[in-house]
């Protein structure tokens, strides 16, 4: 683990340095390598072969100046589609071979697939590997062999791929996939990691990753409308159909409608399940409209000599850091640096979190001496996957570029449970996720408070391994909340303060050891309960005897009682009346509640038996009291007992809170 952490930090430092120094450069063709899992489990997770449709769409969307290939891996690794330039003949062959992708493999050799795909010489400054799987590393029936292969991928293969400038994007097609491995591969190489649970999510994942691998300019869509300027030589419309029974139609500026049955001149129309891909050469200038239901994934890409050249953007960003766009406008490859032109063009940056609304960033672009612009997108503080877009408005033309970025917390938090010599303990570990954190000037503080009312602030210890740690040993039953906050500076001097995920601990759990019955506190409570039970029994017997004596006295002296002129004196309270019973009962309920609270997780059956006995005794006492007609009429003390019982219930432990901690046996 330490070896991988060092490798990950080192690669992040290298990427951060390359990103900071990146400038807009002429774009070369993409280098895309598609790796597809064909193990038998894919039959269950992709019964309709949706990955074939998604890969076929990627093949169609690749520019002719790109290089691409398709590898499948199951029982072995096979080059399904040769790695070659993506011209027309290659696309025809690729579509034919992709349709033959199956799900009959016995294993999941992820490492071998990465090794074979990376043997081809890079055809671009950065090569993109797109890996789709639904499982874990599986090269043998021997679990130890699989574990060794997984470790080899992380410690040997991954650093090698990073050195060769491969960016690994990963898609998990089920929750059973090794998401930790996949996310590690992507994060270390600045690729995207996405989990897809449906056909729509799988298609969206491939399109998001394609936008990372191939920077394609778009014509902005406003609802279903878009504007074509005179510099557009060709447009390609990808239109999704929520209703498969209704075909796509395009309305031109002159009102003429294009469809699959009437495509018109200069139009190529490909229709597949769920979408249409329409290419129009020499499109008419003006306002176009897609006739049909709007869809988030619809896009209009274009070919033009008037382009936006964009510097590489990171796929991962620390929370709170600005995403810096560096770009320039080019015409036939030459940078447009004319101040009059640049003054007319406006640029906007927008971002949205998953399924959220677009938010426009404040601030404007700054132009350098070469005519290139720099603009920052700020406010990305909540972790998650964001869609960002650069919108260009040049009065007579408009452009849009999209990018996906995963915003990450500056720190990772892990809660571990340990068992040593019969004692339960917890460890909270806070690890920097980015090498830019200055650990010597930063600190992590924990606010620990529990259901018993205890509260304390603790500074976490910085270990030699480079992470902060807090040891927590519960000494009594409680629900504990640990709130974390990190603050300090980054290596560039930037200050930060960040609230980290709150951790929850409930002690004891069902797996925790039973409290020692010889515990002095437990024994004291047991003895007190025994004394109170004995006192209650004695009081009940005396009270019953008194009532019997009073009944017989009334029967033998009824006449004497009638002839008395003065009112009868109030009977002497022998100390055995309602209030005596109420006081003893209250004490017993409170004591029983305390003992029940202490024993809840340890001796449920014994405590329940005790409580049942107490309840039966209370009911017997209440019945005996109601039999007496001479007891003075006072306010029913059971109302007060109910109120007290409600107060006692409030003191009892609440329902269990899932603390999400991971059990870890001491070694």
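Residue numbers (mature numbering (1 follows the signal peptide of the UniProt record, and there is no 0)): -22 to -1, 1 to 645.
The C-beta atom is built at its ideal place from N, Cα and C for all residues, glycine as well.
Here the structure is a predicted model, which means the values were calculated and not measured.
Item                                                                                                                              : Value
Selected residue, minimal CA-CA separation from residue 477, among 386, 368 and 399                                               : 386
Reduced DSSP category for residue 293 - H, G, I as helix; E, B as strand; rest coil                                               : coil
Contact belief for residue 151 with residue 109 at Cβ below 8 Å, rounded distance in angstroms                                    : Contact flag wrong, Cβ pair sits at about 11 Å.
Proximity winner among 325, 336 and 335, relative to residue 343 (alpha-carbon distances)                                         : 325
Sufficient close CB pairs (3 or more, under 8 Å) joining the segment 62 to 75 to the segment 37 to 53                             : yes
Residue 88 beta carbon near the ligand ZN (any heavy atom closer than 7 Å)                                                        : The model on display carries no ligand, and the ligand ZN is accordingly not part of it.
C-beta atoms of residue 106 and residue 174 nearer than 8 Å                                                                       : no
Beta-carbon separation (whole angstroms), residue 305 vs residue 277, contact threshold 8 Å                                       : That belief does not hold up - the Cβ atoms of residue 305 and residue 277 are roughly 19 Å apart, past 8 Å.
Nearest-angstrom beta carbon gap, residue 335 and residue 355 [assumed within contact, 8 Å]                                       : Not a contact, Cβ separation roughly 15 Å.
Residue 161 (DSSP reduced to helix, strand or coil)                                                                               : helix
Own chain partners of residue 627 with C-beta closer than 7 Å, once the 5 adjacent residues on each side are dropped              : The predicted model places residue 627 with a pLDDT of 46, which falls under 50 and marks its position as unreliable, so this point remains unresolved.
Bounding residues of the beta strand (DSSP E) (the contiguous stretch that carries residue 255)                                   : 253 to 259
Under 8 Å between C-beta atoms of residue 102 and residue 6                                                                       : yes
Nearest to residue 379 (by Cα), restricted to the options 195, 275, 433 and 425                                                   : 195
Nonlocal neighbours in the same chain, by C-beta distance under 8 Å from residue 431, ignoring five residues either side          : none
From 180, 243, 171 and 121, residue whose alpha carbon lies closest to that of residue 31                                         : 180
Reduced DSSP category for residue 624 - H, G, I as helix; E, B as strand; rest coil                                               : Its pLDDT being 45, under 50, residue 624 is placed unreliably by the model, and the measurement read from it follows with that caveat. Here residue 624 sits in helix by DSSP.
As assigned by DSSP and simplified to three states, the class of residue 608                                                      : Low confidence applies to residue 608: its pLDDT is 42, below 50, so where it sits in the model is not reliable enough to give any reading.
Own chain residues within Cβ distance below 6 Å of residue 127, not counting five before or after                                 : 89, 115 and 117
DSSP-derived helix/strand/coil call for residue 308                                                                               : strand
Alpha-carbon to alpha-carbon, residue 169 and residue 362                                                                         : 15 Å
Straight-line gap, residue 515 to residue 509 (C-alpha atoms, nearest Å)                                                          : 10 Å
Backbone CA spacing between residue 316 and residue 341 [nearest angstrom]                                                        : 22 Å
Residue 470 versus residue 415: straight-line alpha-carbon distance, rounded                                                      : 9 Å
Segments assigned beta strand (DSSP E), at least 3 residues, entirely inside the segment 353 to 436                               : 362 to 371, 376 to 386, 389 to 398, 401 to 410 and 421 to 428
Beta-carbon contacts of residue 409 that lie in its chain and below 6 Å, excluding the five residues immediately before and after : 390 and 445
Cβ contact (3+ pairs, closer than 8 Å) linking the segment 394 to 408 and the segment 227 to 244                                  : no
Closest residue to residue 3 among 290, 206 and 457 (Cα-Cα distance)                                                              : 290
Limits of the beta strand (DSSP E) - the one that residue 137 falls within                                                        : Segment 136 to 141 is the alpha helix (DSSP H) holding residue 137; no beta strand (DSSP E) there.
Helix, strand or coil at residue 37 [DSSP, three-state]                                                                           : helix
Limits of the beta strand (DSSP E) - the one that residue 107 falls within                                                        : 105 to 111
6 Å CB neighbourhood of residue 373 in its chain, flanking five on each side removed                                              : 322
Contact check, residue 96 vs residue 65, beta carbons under 8 Å                                                                   : no
Which listed residue (155, 144 and 162) has its alpha carbon closest to that of residue 129                                       : 162
Exposure of residue 601, with buried meaning 16 or more beta-carbon neighbours within 10 Å                                        : Because the pLDDT of residue 601 is 48, which lies under 50, any placement of that residue in the model is unreliable, and the number read from its coordinates should be weighed accordingly. So residue 601 ends up on the exposed side.
Straight-line gap, residue 79 to residue 365 (C-alpha atoms, nearest Å)                                                           : 31 Å
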